[in-house]
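Inspection log for the structure reproduced underneath, given as structure tokens.
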Amino acid sequence: MPLFFKAKLQIINMSLELKNVEKKVGLETHIYSTNLKLEKNTINILLGSTLAGKTTLMQIMAGLDKPTSGEIWFNGENVTGKEVQKRNCSMVYQQFINYPNFTVFENIASPLKITGVKPDEIKARVGKVAELLKLSAMLNKKPDELSGGQQQRTALARALVKDSDLILLDEPLANLDFKLREELREELPKLFEDRDCIVVYATTEPLDALMIGGNTATLLEGNVIQYGKTLNVYNKPENLISAKVFSDPPMNIAEISKSGEIFKIKDNNVQWKSNIKIKDGNYKIGIRPHNITTYKEGDNSVEINGKVLISELSGSESLIHFTNGKLNWVSLSNGIQQKNIGENTKLFMNVDEFLYFDMNNRLVTNG
Amino acid sequence: MAKITLKDLSHSYLTKQNKDADWALRGIDIDWKDGGAYALLGPSGCGKTTLLNIISGLLKPTKGEVLFDDKDITTLNPVERDIAQIFQFPVIYDTMTVYENLAFPLKNRGLSKTEIDSKVKEIGEMLELTSTLNNKAAGLTADGKQKISLGRGLVRSDVNVIMFDEPLTVIDPHLKWVLRSKLKELHQKINRTMIYVTHDQIEALTFADQVVVMHEGQIVQTGTPVELFEKPKHTFVGHFIGSPGMNILPCEIENGQINFEGKILPNSTSIKKTNFSKTQLGIRPEFINFSDEGIEVKIKRVSDTGRHKVIDTECSSGSIKILANASSEIPSDSAHITFDQKYTYVYGDDWIIE
Chain A
26 MPLFFKAKLQ IINMSLELKN VEKKVGLETH IYSTNLKLEK NTINILLGST
76 LAGKTTLMQI MAGLDKPTSG EIWFNGENVT GKEVQKRNCS MVYQQFINYP
126 NFTVFENIAS PLKITGVKPD EIKARVGKVA ELLKLSAMLN KKPDELSGGQ
176 QQRTALARAL VKDSDLILLD EPLANLDFKL REELREELPK LFEDRDCIVV
226 YATTEPLDAL MIGGNTATLL EGNVIQYGKT LNVYNKPENL ISAKVFSDPP
276 MNIAEISKSG EIFKIKDNNV QWKSNIKIKD GNYKIGIRPH NITTYKEGDN
326 SVEINGKVLI SELSGSESLI HFTNGKLNWV SLSNGIQQKN IGENTKLFMN
376 VDEFLYFDMN NRLVTNG
Chain B
5 MAKITLKDLS HSYLTKQNKD ADWALRGIDI DWKDGGAYAL LGPSGCGKTT
55 LLNIISGLLK PTKGEVLFDD KDITTLNPVE RDIAQIFQFP VIYDTMTVYE
105 NLAFPLKNRG LSKTEIDSKV KEIGEMLELT STLNNKAAGL TADGKQKISL
155 GRGLVRSDVN VIMFDEPLTV IDPHLKWVLR SKLKELHQKI NRTMIYVTHD
205 QIEALTFADQ VVVMHEGQIV QTGTPVELFE KPKHTFVGHF IGSPGMNILP
255 CEIENGQINF EGKILPNSTS IKKTNFSKTQ LGIRPEFINF SDEGIEVKIK
305 RVSDTGRHKV IDTECSSGSI KILANASSEI PSDSAHITFD QKYTYVYGDD
355 WIIE
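As you go down the protein sequences, you meet chains A and B in turn.
Convert by adding 25 to the 1-based position in the first sequence; the result is the number in this note's numbering.
Convert by adding 4 to the 1-based position in the second sequence; the result is the number in this note's numbering.
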């Protein structure tokens, strides 16, 4: 076969595929039949709350755990049952795991030493990742002399140094302070930019997914609900479950009725006009918190009165939790919007951004 | 309840101090009004726990005084100070009922049965524990247990101050706001001096009327949430409050004006003092706009968070973050930007120049 075709064939094959993968522990199903194909050079987010099945899926991908049924294919080879040692894969966990008696240099170098890489090359490669992860000045320190952020950087550097085909990151930022999380989250996509590998990143936080980009799979209770380009999944959730998983603060949901161009929330008197083309009848709406604000946004806004439960301030944004009739909702506005507990306040909903679902929770239209 | 004053307080864990870094706390001066809601905010290692331990009497400061209602109590032990403290993890008696847990501090002080009963029921109601008062504490969830810890701290009316040390750490993220709201409501109802220690900006800004931001053993700013956001007095406050934080960039001061990237920025007040070892310009990502003229930047990356776009740009002085509406068009390659003059600040050796 001419070299050109051979090379091309390899590129086509470079992927990780789960085929009807299922995982049961005793009578309990941890992962329901899952099909997922991850391509080379992509970052893939597994997004879901605790116990959604993120870690189990990653362990199956890595070969640390076997599926009860189904197959895992890597680069066109069926690797189901192949041990983790024989796969070229790295993993980073939520807890900062490093060798306490090794220096940062030795920690990063450890996977290379095991595979017998020459000292000169080790030095060069460790130096390069250390620079990327801002650890150059720490190479002679022990892990306990480092901050939490630096310890996790060391673990990340060890995962990056060996040029793995598959890098699995299991909530790597969860144990870090807010500001460090912000910083590392920003750097992560840059670290993987020029690598021919597949990255899988598990998180409970929708903002992680949005900041990192790539592809996202939403998960709930052992089911992959939706998989696709991150922004597509966010903007066009296939159903209410996927929309809820991908919303923090939680999505505001209400049952509504539609008659002609009039839409009305049941249980209260909020209504609006819209000419979106859907049949008359009952629906559910999903409104993301940032589409309810203390100021008008968009061309079509509708007022809603709220009794304030609390306003939470983050500095650049304010979350106002409020009730209206039976609804217990949350709004998100820019800047500092202080409201007193129990105060009645007027808020504005951006009608053009509503998500409409049918009574079986399937998306009908995203405005 | 008491007014709390900290006078020129410094603390070091070392016997000899040669440089600033040898001090865990340096030159702390605080005046806290009776009945106020305050927060101590800063990253781990900033000195906030040291300060808390000095107020509670677990630690004697190397220098300075602690006063309750203008009375020097620096040498008093924790019991003599009459304070209540709530910790990161729930501290409860598992074998007792919720009622007995709440009654415990009152019983110890020899209150009558009827007094105890009315107090416990009052606090139980505020914390929505009424229906579980007779249950054993052991069976409760983490947030249920932490509510009891809070209740025990709040039940006594004779304490000088109630202190919270990261009280919501063990609470499920989705429930945090409920307890935050509860705490704020409680403060309004019982009106006692409360000090809340945390590294979480949301927690601090939501709870407190006045937030004390700490950095490397010093207070870098005390202010309302609006003041901290709109006018950071120190580069650390700019960085720490807000997400993403403030852009801090090197600049020169020429004839009282800011020279950034070779351009003189219009500024209302002329800057007089110039003998700083470094001068920097601070501008929040919210207050930068794309424009036809101004500073030239290269667009490096655009992240769409659904509600806005975070744009990473670069100029010769360093990287600049810009926050724009989710619907706004972002230039692709290079662009010009301008800073909102009202929110552009100059810092000399990290402190604001006014």
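Glycine included, each C-beta is placed from N, C-alpha and C at the ideal position.
Here the structure is a predicted model, which is why all the values come from computation and not from measurement.
Among the residues facing chain A, Thr202(B) is not included, as its CB has no counterpart in that chain under 8 angstroms away. For Ile70(A), there are no neighbours in chain B by C-beta distance under 9 angstroms, as the nearest C-beta there is about 13 angstroms away. Contact of Leu209(B) with chain A is assigned, a C-beta pair being separated by under 8 angstroms.
Assignment of Arg305(B) by DSSP, reduced to helix, strand and coil, places it in the strand class.
Not a single CB atom of chain A sits nearer than 8 angstroms to the CB of Thr53(B). Taking the Cβ atoms as the reference, Leu244(A) lies roughly 6 angstroms from Leu71(A), within the contact range of under 8 angstroms. Collapsing the DSSP output to three states places Phe291(B) in a helix. Gly157(B) is classed as buried because its beta carbon has at least 16 other beta carbons within 10 Å across all chains shown.
Fully contained in the segment 232-264 of chain A are the following beta strand (DSSP E) runs of length 3 or more, in chain order: 240-245 and 248-254. Taking 7 angstroms as the cut-off between beta carbons, the residues of the segment 211-240 of chain A near chain B are Leu232, Leu235, Met236 and Gly238, in sequence order. Taking a cut-off of 8 angstroms on C-beta distances, the segment 311-326 of chain A touches the segment 363-380 of chain A, as three or more cross pairs fall below it. In chain order, Phe373, Met374, Asn375 and Val376 place their CB closer than 8 angstroms to the CB of Ser326(A), counting only its own chain and leaving out the 5 sequence neighbours on each side.
The shortest CA-to-CA distance from Thr255(A) to any of Gly247(A), Glu246(A), Ala268(A) and Asn248(A) is the one to Ala268(A). Ser16(B) is the residue among Gly249(B), Ser16(B), Ser161(B) and Ile275(B) whose C-alpha sits nearest the C-alpha of Glu220(B). When the Cα atoms are used, Ile361(A) and Asp98(B) turn out to be separated by approximately 41 angstroms.
Of all residues in the segment 148-170 of chain A, none comes within less than 8 angstroms of chain B when Cβ atoms are compared. Residue range Leu380 to Phe382 is occupied by the beta strand (DSSP E) that includes Phe382(A).
Proximity of chain A to Phe244(B) at the Cβ level (cut-off 7 angstroms) is accounted for by Lys204, in chain order.
Three or more Cβ pairs closer than 8 angstroms define a contact, and the segment 176-196 of chain B meets that threshold against the segment 329-347 of chain A. The beta carbon of Ser332(B) sits no closer than 8 angstroms to any beta carbon of chain A.
DSSP places Asn105(B) in the helix class (H, G or I) of the three-state scheme.
Three or more Cβ pairs closer than 8 angstroms define a contact, and the segment 62-72 of chain B falls short of that threshold against the segment 103-122 of chain B. Sequence-distant Cβ neighbours of Glu300(B) in its own chain, meaning closer than 7 angstroms and more than five residues away, are Cys319, Ser338 and His340. Trp354(A) has its alpha-carbon roughly 13 angstroms from the corresponding atom of Glu280(A).
Taken atom to atom, the span from the alpha-carbon of Leu137(A) to that of Lys187(A) is near 6 angstroms. Following the DSSP letters along the chain, one finds Met130(B) inside the alpha helix (DSSP H) bounded by residues Lys117 to Met130.
The Cβ atoms of Ala227(A) and Lys91(A) lie no closer than 8 angstroms to each other. Between Ser321(B) and Phe264(B), the beta carbon gap of about 7 angstroms places them in contact (Cβ cut-off 8 angstroms). Of all residues in the segment 283-300 of chain B, only Arg288, Pro289 and Glu290 place a beta-carbon less than 9 angstroms from a beta-carbon of chain A.
Look at Glu328(A) here: in three-state DSSP terms it is strand. Under a criterion of Cβ atoms nearer than 9 angstroms, the residues of chain B adjacent to Gly340(A) are, in order, Gln205, Ile206, Leu209, Pro229, Leu232, Phe233, Phe244, Ile245, Gly246, Ser247 and Gly249. In this model, Val270(A) and Lys309(A) are separated by some 16 angstroms (Cα to Cα). The Cβ of Arg196(B) sits no closer than 8 angstroms to any Cβ of chain A. As DSSP reads the structure, Leu388(A) sits in a beta bridge with Phe382(A). For the pair Leu209(B) and Gly340(A), the CB atoms are nearer than the 8 angstroms cut-off. Identification of chain B residues near Leu191(A) by a Cβ-Cβ cut-off of 9 angstroms yields none; the smallest Cβ-Cβ distance measures about 24 angstroms.
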